[in-house]
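J.:
Residue numbers (my numbering), protein chains in the order written: chain A, 33 to 411; chain B, 184 to 717; chain C, 29 to 211.
1. Of all the residues that make up the region 77-105 of chain C, which are near chain A by a beta-carbon distance shorter than 9 Å?
2. Under 7 Å, Cβ to Cβ, is there at least one residue of chain C near residue 458/B?
3. Would a check of beta-carbon distances place residue 381/A closer than 7 Å to chain C?
4. Quick check on this structure: which residue in 260/A, 325/A and 359/A has the alpha carbon closest to the alpha carbon of residue 633/B?
5. Residues of chain C with CB closer than 8 Å to the CB of residue 294/B, please, in chain order.
6. Here's the rule: buried if 16 or more other CB atoms are within 10 angstroms of the residue's CB, otherwise exposed. What is residue 34/C?
7. If you compare alpha carbons, which of 73/A, 367/A, 189/A and 322/A is closest to residue 340/A?
8. Rounded to whole angstroms, what's the CA-CA distance from residue 243/A to residue 377/A? Just pull it up for me.
9. Per the DSSP calculation, residue 159/C is bridged to which residue(s)?
10. Quick check on the burial criterion: 16 or more other C-beta atoms within 10 angstroms. Buried or exposed for residue 121/A?
11. For residue 148/C, does the three-state DSSP call read helix, strand or coil?
12. Ignore the nearest five residues each way along the sequence and tell me which others in residue 48/C's own chain have a CB closer than 7 Å to its CB.
13. So with Cβ pairs under 7 Å, would you call residue 193/C a contact of chain A?
14. Thinking just about the alpha-carbon of each residue, which of 708/B, 665/B and 643/B is nearest to the one in residue 190/A?
15. Please name the residue in 703/B, 445/B and 423/B whose C-alpha comes closest to that of residue 386/B.
16. Residue 385/A to residue 177/A, Cα distance in whole Å?
17. Distance cutoff 7 Å, beta carbons only. Does residue 50/C sit that close to anything in chain B?
18. Please say whether residue 324/B and residue 260/B have beta carbons closer to each other than 7 Å?
19. At a CB distance below 7 Å, what residues from the region 225-253 of chain A approach chain C? Give them in sequence order.
20. Where does residue 259/A fall in DSSP's three states?
21. Taking 7 Å as the cut-off, decide whether the C-beta atoms of residue 225/A and residue 158/A are in contact.
22. Can you tell me the Cβ-Cβ gap for residue 670/B and residue 591/B, rounded? I've got them flagged as a contact below 8 Å.
23. Can you tell me where the beta strand (DSSP E) holding residue 127/C begins and where it ends?
24. Taking buried to mean at least 16 other C-beta atoms within 10 Å of its own C-beta, is residue 203/C buried or exposed?
25. Starting from the N-terminal side, write out each stretch of the alpha helix (DSSP H) that is 4 residues or longer and does not extend beyond the region 585-650 of chain B.
26. Could you check whether the Cβ of residue 67/C sits closer than 7 Å to any Cβ belonging to chain B?
27. Going by the beta-carbon positions, is the gap between residue 508/B and residue 76/A smaller than 7 Å?
28. Could I get the ranges of all uninterrupted alpha helix (DSSP H) runs contained in the region 434-472 of chain B, with 4 residues as the minimum, in chain order?
29. Under three-state DSSP, which class holds residue 168/A?
30. Quick one: Cα of residue 153/C to Cα of residue 160/C, how far?
31. With a cut-off of 8 Å on the beta carbons, I'd call residue 320/B and residue 339/B a contact; round off their distance for me.
32. For residue 58/A, count neighbouring Cβ atoms within 10 angstroms of its own Cβ and tell me buried if that reaches 16, exposed if not.
33. Smallest Cα separation from residue 194/C: which of 46/C, 95/C and 133/C?
34. In angstroms with no decimal places, state the Cα-to-Cα distance between residue 495/B and residue 238/A.
35. State the Cα-Cα distance for the pair residue 405/A and residue 130/C, rounded to the nearest angstrom.
36. Which one of 158/C, 148/C, 77/C and 144/C has the shortest CA to CA distance from residue 196/C?
As structure tokens, this is what we get:
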């Protein structure tokens, strides 16, 4: 291969390698995390690890020694022993003792994890295909907030059309926010198939099972942003539903909560205004790409038969009420979810307007959030 | 593999094999059927391996380059199903067929015709399973562990064919296992007591009992799935009063013994090879038998260690943690016994011995990561990450698969009458050894760093080890083509093999000519018990 | 004299019987699992209707917090919410609350509410004398309903449990013919 070709290969290879070298990470160990439990788990992990290393070193050294010294090629003559009850008993009993020694701290840590005490904040964590819904429980329904947390990473980055930014695949639109040094309880369930909610820095992982509720808890002692992922195969976008928890000082949490509660109110008020078509199309496209494109694709063509095309066919160019109905209420027996609980009236009005006018559909309709709001509250 | 030696004997029912292709369709000869299983398993190994290369190619870099997530999930699922049910298990059945009758001095398996059926079900079942990839909606995409409700309410239409294929494979396994048990218990030559049998026969006897006990439970769980999908029942659907977690309990009740089914025969193989090349009897034969039996018994009562994060009560988690940790004891006994067999032996390092020693070292590493996983609170951080993937690939690839390769090199001269090319064999070994470690060792790290399983794309901090792992996978994968070449070359040509083949080999199979005659030990007086060596 | 063949045959039959038996065992695991959960209260499953004839004494010194959660399974469009998010109750006393449900779809539907309790050891101490989860709920298009729940917390609820969460998931079990959107 001549120099020119060789250099081209070299350049290509180094570009390939350097593109990921920018974020080079050769970490070999589990993180210690930011909770008492996560540190206990880490200590336990290190204890077991060193015990395993010790066992491995002992066994492999004996083997390597034997392979070197008990070879026919250096004249070794085989011995003829082939059992020894004493030795067998010894190497049965000693491992049992080692195991018991490991089981004691393990039992203690597990019992600590299972402690069910009162928590100051209760958050329902609901797994869905393919996002999380968080509801901060509150006795006063006006103060209870609920929002959906979806992957924020652009599909262009996934499809290698744009450079991958920091926190690739670990960024969401709406983070869970909790205060530091506060006991928070997570009530985990699922709205469709199995998922699992996992934050490695907290050492909290709990399977989300439809029809069942399970609890986990944490007390985080250090502010920061902590990222995890879904840890149970749940369909095609299992790798695309991250968990992001922002832990902040109490005052900042209170401010955030007040803001969220005000947002919920503001959304309601937004519904009272008259939207222009341009405003609806802009908002609708944003909602569509974030929520609907996962199944119906950015170009609207879907992946039939499971995910129908919206281009020039079906309800997208059919009766408005039926189109709104299917977005609000879903379609039983199919993968089409009910979005009433996840999107507000303004988002639904916008996305339906967008679907009816994008990709050449050009039906011409525009739907006001107020109308959707009426449908949602059944007045 | 042609063992076409006409026996010029007085017995008139001795004849060579039939001619032509139909010989293989109708054969009831354990050697032929063993050959069929082994070739089938190799084909499945290459097929399952190519799915693995699709996975590793996609995971070479962050981003989606080659396949979409829907297809990726089909690849991970099919890779698992084909390797477990199509490669590893049939390979061990093939070894059982070839070796058990010869090792116990029996003329054939107890039920030769059922033996034929047991094999021929498999190509049919796997053609059906592989064809699901071409069906509308794609093939199974819910992981080889097919948890409900992903595999029931959210499954593609091909799931029914998947269920049918699993039923067929199960029937094949059950029939094969019944055959093994009856053969071993009933057809041993006079003087071959149970405690004189080679350990390979013992491990297969115990494995066969495990199969008979748990394959029907797998059949039960896929039948429940079928009923939930098509007949409106709610075994796993909470809306109808069922429970998705029930699926996991019933599946793993099968699933945990299943992984021991995939390793016990490997223990038997290694227990045959190390004594031969150390020129020293296996250390602690009796305790090896007891250890294998304890492992089999314990395998039934530890299943929920696959479910530590599902929300079991504390008492349940503690029990399963303790029981699982306990399995380390008999497993450790076996490892120590192999090392004690090597100790003060007179070793040579032909290819089978290289694979066997690598098995002991790398399986031990896999076993130790298994011990880490058994610690329930730590498992909350390991579960469903690449740490688990690293663990089970260590015990299955440099574990089960290396033992199968070791067995093939060890017994190929007996089967074919030729020595394989030792230089090429050692080359294959070193390429595989390096390949397997480069592929799977880094996976421990990315698992600890937080990368979940079964994802087609990953966050940037996992990129470096993924790239290394993918390079190793391609090295390991393509090295197996060398293995294919070595086997074919050995069948066709090579230095003529003696009956004993290996200087330190003991056992009835080494008393017959190489290649082994089509029919061996047809009468009890052909068995020389002095050579049988447990 | 028993030949190798006859003893093989009988062994085959016995092993085959074991295989069949294990298949049955797999299915038997289903009711076994349910019974185990009911007896131990594990898995957060609450029992059937509670019909205790004797009145329990009320433990007025102790207050337990009960949290009510509701959610819909996928594709389920109903509005479904508890009247009260939490209740503070005394063990032994009869309490009542209700849940609002509305069918906003343009066709009649039938639903099943499935309860789940955490922490699971609390489940066997939650006695429901009246619960909408005991039956299927049918709602016509646009219809709404208030569904009552009457329950008692057993006085023997372990002392370390101060909060109990009862979550209902609503599943659509409308038969296919009833669903107007079937195509």
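Think of the CB as a built atom: it goes at the ideal place given N, C-alpha and C, for glycine as much as any other residue.
T.: From the atom records:
1. Against chain A - using a Cβ distance shorter than 9 Å - the residues of the region 77-105 of chain C are 93, 95, 97, 99, 100, 101, 102, 103, 104 and 105.
2. For residue 458/B, the answer is no, since every Cβ of chain C falls outside 7 Å of its Cβ.
3. Closer than 7 Å: no.
4. Here the closest residue by C-alpha is 260/A.
5. Neighbours of residue 294/B on chain C, chain order: 36 and 40.
6. Residue burial annotation: residue 34/C is exposed, with fewer than 16 other C-beta atoms found within 10 angstroms of its C-beta.
7. Considering only alpha carbons, the answer is 367/A.
8. In this structure, the straight-line span from the alpha carbon of residue 243/A to that of residue 377/A is close to 27 Å.
9. BP columns for residue 159/C point to 177/C.
10. Exposed, because fewer than 16 other Cβ atoms sit within 10 Å of the Cβ of residue 121/A.
11. Note: residue 148/C maps to helix in three-state DSSP.
12. The beta carbon of residue 48/C lies closer than 7 Å to none in the same chain, with the five residues before and after it left out.
13. With 7 Å as the cut-off, residue 193/C counts as an interface residue toward chain A.
14. For the residues 708/B, 665/B and 643/B, the minimum Cα distance to residue 190/A belongs to 643/B.
15. Sorting 703/B, 445/B and 423/B by C-alpha distance to the C-alpha of residue 386/B places 445/B at the top.
16. The alpha-carbon of residue 385/A is positioned some 27 Å away from that of residue 177/A.
17. Residue-level contact by beta carbon holds for residue 50/C and chain B, with a gap shorter than 7 Å.
18. Yes, they are a contact pair.
19. Within the region 225-253 of chain A, the qualifying residues are 242, 243, 244, 245, 246 and 247.
20. Note: residue 259/A maps to strand in three-state DSSP.
21. For residue 225/A and residue 158/A, no; Cβs fall outside 7 Å.
22. With a Cβ gap of about 7 Å, residue 670/B and residue 591/B count as contacting.
23. That run of the beta strand (DSSP E) goes 122-130.
24. Classification of residue 203/C: exposed, given that the 10 Å Cβ count is below 16.
25. With a minimum length of 4 residues, the continuous alpha helix (DSSP H) runs that stay inside the region 585-650 of chain B are 585-599 and 605-632.
26. Taking 7 Å as the threshold, the shortest C-beta distance from residue 67/C to chain B does not fall below it.
27. In this structure, residue 76/A does not lie closer than 7 Å to residue 508/B by Cβ.
28. Here the runs fully enclosed are 447-461.
29. Correct three-state label for residue 168/A: strand.
30. Cα to Cα, residue 153/C sits roughly 19 Å from residue 160/C.
31. The beta carbons of residue 320/B and residue 339/B sit about 3 Å from each other, so the pair counts as a contact at 8 Å.
32. Residue 58/A is exposed by the Cβ-count criterion.
33. With distances taken between Cα atoms, residue 194/C lies closest to 95/C.
34. Within the model, the alpha-carbon separation for residue 495/B versus residue 238/A is close to 11 Å.
35. Roughly 15 Å separates the two Cα atoms.
36. Considering only alpha carbons, the answer is 144/C.
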